[in-house]
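Student: Once you've had a glance at the structure underneath, I'll fire off some questions.
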Amino acid sequence: MKKLVLAALLGFGLLTATAGPASASASGYVYTGHWYNSKAACEQAWTDSHGGSGGTALPHECRYNAVGVYELWAYQL
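Structure, rendered in structure tokens:
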């Protein structure tokens, strides 16, 4: 019984160790290198760079960071 419990714990630990990094990288967002003082400016820059109002449907994020600016992150496959 002890071996069964130990094997189950070891297997579960291995499963969580291998699943962690895969789920973290699955987001697919990369930093574009551009930052803005406001979220509105960040969103406007994304819209302008992708051909107007239709471009806003493309996946992106304006993330507020510890420095106090918004970083533009774009989805990349």
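Everything in the sequence shown is counted per numbering that gives the first Met the number 0, starting at 0 for the first residue and increasing by one.
Glycine included, C-beta positions come from ideal geometry on N, C-alpha and C.
State buried or exposed for Y69, treating a residue as buried only when at least 16 other CB atoms are found within 10 Å of its CB.
Tutor: Looking at its Cβ environment, which holds 16 or more other Cβ atoms inside 10 Å, Y69 is buried.
Student: Three-state secondary structure (DSSP) at A65?
Tutor: Three-state DSSP puts A65 in coil, outside helix and strand.
Student: Note the first and the last residue of the continuous beta strand (DSSP E) segment covering G27.
Tutor: Careful: G27 lies outside any beta strand (DSSP E) and carries neither H nor E.
Student: Using DSSP bridges, identify the partner residues of W72.
Tutor: According to DSSP, W72 bridges with Y30 and E60.
Student: Which residue's Cα is closest to the Cα of V66: Y35, Y28, S26 and T31?
Tutor: Measuring from the Cα of V66, the nearest candidate turns out to be Y35.
Student: Which term fits K38, buried or exposed, when burial requires 16 or more other beta carbons within 10 angstroms of its beta carbon?
Tutor: Looking at its Cβ environment, which holds fewer than 16 other Cβ atoms inside 10 Å, K38 is exposed.
Student: My understanding is that T31 touches W72, with C-beta atoms under 8 angstroms, so please give their C-beta distance in whole angstroms.
Tutor: Sure, about 7 angstroms apart at Cβ, within 8 angstroms.
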